[in-house]
Amino acid sequence: MSAPQVTPNIPPEGERPWRWVILGLILAGTVINYIDRQTVSVLAPQLQADLHLSNFQYAKLTTWFLLSYTSVMWLWGAVVDRIGNRRGLALVVGWWSVAEMAHALARGVGSLSVARAALGLGESGHWPGALRTLAMWFAERQRAWAIGIANVGAALGSAISPPLIVWMQLRYGWKMVFFTTGAFGLVWLAAWLAFYPRGTGFQPVGSAAGCRSHMADAPQEPAKPPVPWSRLLRSREVWGIVLARFFGDPIWWLYLNWLPLYLNKARGFSLKEIGASAWAPYVAAGCGCFIGGWLSGRLIEHGWSVNRARKTAIGIGTICMPAGIAAAYAQSPYVALAFISVTLFGFQFWVSNVQVLPSDYLPVGVVGAVSGLSGCAAALGAMIFNFSTGWIVDNFSYTPVLVAAGLLAPVATGALFLLAGRVRVLEIAPMEVSSIR
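Residues in the sequence shown are numbered consecutively from 0, following numbering that gives the first Met the number 0.
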């Protein structure tokens, strides 16, 4: 039996041309999201010097972000499912932009930690809202590719951050960096409210020059999520996705939080050298986003089953991610950067296909909730790994951390394949169709 008809897996309607505008906005929002979260890691050498932080204290600072990020992501998914994409993402971005600007008011580690926690609370809503939006606007065969493009924003934001933030820091100081990067989100918020269709009827907002009415393009917002939490939490498929993110995402967060410090402390890079070179692994990650999402969609168009296409792409990403182990033993810092680039290419290749699985298995109306739950697991795994990294680096070195991260990739994919099984629309009995509570 197919999924309930309460929430159809939307498009066509001429494949909804306005979806490209929506995708562009999601991409831009993701870039800003990652610039904002990267600001502390890029400034870490300067913050350590100014605030006299050990590696373990820095780990605690970044853990405040991950703790708040983890604690409410599942809730944001349910909120966006309830109030819709337009209002949900507007709330999310407005929140995190103000929190980012609040970093500029920090006077010490305590106030910086509070601002960091507030940023995590807001940023945790981005991916549940973004994934739900893309699931509504893109057909199944295009969905992984669309999510891959959105993930390019994660890599692009991470790549832009080192040179941009270092330049602003050297020119204006670190407080102005936080104020400026926070303002980026408020500009995006104005664009989102101007261009995303309003309400359940999707009436277009305003009449900006050159914008035609796109009401006909917009898919109908599901009135209520159709599957109760009790049903979701009994699903092996949901737990497969959750555990894959728990074990896999710490790989990304390791380099997101620690790459500048690793280059500074373990490889002797100055702040300027970090700005000149730390972008490279994230460019590789961007290529992984785009190619990974494109590949599985292309295979589906050529007659492959969704199951075979998704698993092939996930497997390719899994093979690439252990390259970080070689980085730990490389003599040249630039060879190490090359191996790290392969790792992040593989991770984004992998995650662009893992993130689309909730919409492959379930109706659109619960994609936000499941994406939030899996994102919560991802952040929890990252928080545990991040906290451990600070202690290990202070007492040993970066080598065991990079080796452990490389070994997480096959564990994550093994858990996914063993628990989730074949990728297909789940069978849901009629009595199980109700709203999430």
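We treat Cβ as the ideally placed atom computed from N, Cα and C, and that holds for glycine.
CA-to-CA distance, residue j to residue i, given in whole angstroms
| i | j | result |
| --- | --- | --- |
| Ser84 | Pro196 | It should be pointed out that residue 84 corresponds to Asn in this sequence rather than to Ser. Each residue's Cα considered, the two are about 9 Å apart. |
| Leu425 | Tyr360 | 5 Å |
| Arg309 | Val353 | 8 Å |
| Val78 | Gly87 | 7 Å |
| Ser351 | Arg18 | 18 Å |
| Ser396 | Ile299 | 44 Å |
| Leu406 | Asn394 | 21 Å |
| Trp238 | Arg423 | 15 Å |
| Gly147 | Thr317 | 16 Å |
| Ala153 | Ile25 | 11 Å |
| Ala378 | Val151 | 19 Å |
| Phe194 | Val20 | 8 Å |
| Arg211 | Ser157 | With a pLDDT of 42 at Arg211, under the threshold of 50, the modelled position of this residue cannot be trusted; read the value that follows with caution. Distance between the alpha carbons of Arg211 and Ser157 is about 34 Å. |
| Gly172 | Ala103 | 10 Å |
| Ser123 | Asn32 | 10 Å |
| Ala189 | Ser269 | 38 Å |
| Leu50 | Pro44 | 10 Å |
| Arg421 | Asn306 | 6 Å |
| Glu99 | Trp63 | 14 Å |
| Tyr254 | Ala277 | 10 Å |
| Trp126 | Thr388 | 25 Å |
| Arg142 | Ser295 | 9 Å |
| Ile240 | Ala149 | 19 Å |
| Gln56 | Ala138 | 46 Å |
| Gly314 | Thr412 | 8 Å |
| Leu185 | Ala329 | 42 Å |
| Leu258 | Val176 | 19 Å |
| Leu163 | Asp35 | 12 Å |
| Pro16 | Trp293 | 19 Å |
| Trp136 | Pro362 | 13 Å |
| Gln178 | Trp191 | The identity of residue 178 in the sequence shown is Phe, whereas the question assumes Gln. Going by the C-alpha atoms only, they are around 21 Å apart. |
| His301 | Thr311 | 14 Å |
| Trp73 | Phe183 | 26 Å |
| Arg170 | Ala243 | 42 Å |
| Gly267 | Leu155 | 25 Å |
| Leu52 | Leu65 | 18 Å |
| Gln347 | Ile159 | 17 Å |
Beta-carbon separation (whole angstroms), residue i vs residue j, contact threshold 8 Å
| i | j | result |
| --- | --- | --- |
| Trp187 | Gly28 | 5 Å |
| Ala283 | Ser340 | 4 Å |
| Asn256 | Thr398 | The Cβ separation is near 17 Å, so there is no contact. |
| Leu231 | Val369 | 6 Å |
| Val108 | Gly181 | Rounded, the Cβ-Cβ distance is 20 Å, inconsistent with contact. |
| Pro280 | Leu336 | 6 Å |
| Val91 | Gly119 | Val91 to Gly119, Cβ: 12 Å. No contact. |
| Gly76 | Leu372 | 7 Å |
| Val392 | Asn54 | 5 Å |
| Pro357 | Ile273 | The pair is not a contact, with the Cβ atoms about 36 Å apart (cut-off 8 Å). |
| Lys271 | Val165 | 7 Å |
| Leu22 | Ala145 | 6 Å |
Residue i CB to nearest heavy atom of the ligand SAM below 6 Å
| i | result |
| --- | --- |
| Gly296 | The ligand SAM is absent from the structure shown, which contains no ligands of any kind. |
(request) Give a yes or no on contact between the region 107–118 and the region 39–52, applying the rule of three or more CB pairs nearer than 8 Å. (result) yes
(message) Please give the ranges of any beta strand (DSSP E) in the region 352–408, keeping only runs that are unbroken, at least 3 residues long and fully inside the region.
(response) Within the region 352–408, no complete beta strand (DSSP E) run reaches 3 residues.
(message) Below 8 Å, how does it come out for the region 280–294 and the region 335–351: are there three or more Cβ pairs, yes or no?
(response) The region 280–294 is in contact with the region 335–351.
(message) Quick check on the DSSP output: what are the complete alpha helix (DSSP H) runs of length 4 or more inside the region 81–141, in order along the chain?
(response) If we require 4 residues or more, the alpha helix (DSSP H) runs fully inside the region 81–141 come out as 84–101, 108–122, 125–136.
(message) Does the structure place the region 248–263 close enough to the region 123–140 that three or more beta carbon pairs sit under 8 Å?
(response) no
(request) Please determine if the region 371–386 and the region 62–69 are in contact, where contact requires at least 3 C-beta pairs separated by less than 8 Å. (result) yes
(message) Can you confirm whether the region 400–410 touches the region 317–324 when touching is taken to mean that 3 or more C-beta pairs between the two stretches lie within less than 8 Å?
(response) Yes: the two stretches touch, three or more of their Cβ pairs being nearer than 8 Å.
(message) Check whether the region 412–420 and the region 259–279 are in contact - that is, three or more C-beta pairs closer than 8 Å.
(response) Segments in contact, no.
(request) Enumerate, from N- to C-terminal direction, the unbroken alpha helix (DSSP H) stretches of 4 or more residues contained entirely within the region 326–356. (result) 332–353
(request) Quick one: which unbroken alpha helix (DSSP H) runs of 4-plus residues sit fully inside the region 251–307? Chain order, please. (result) 270–276, 279–300
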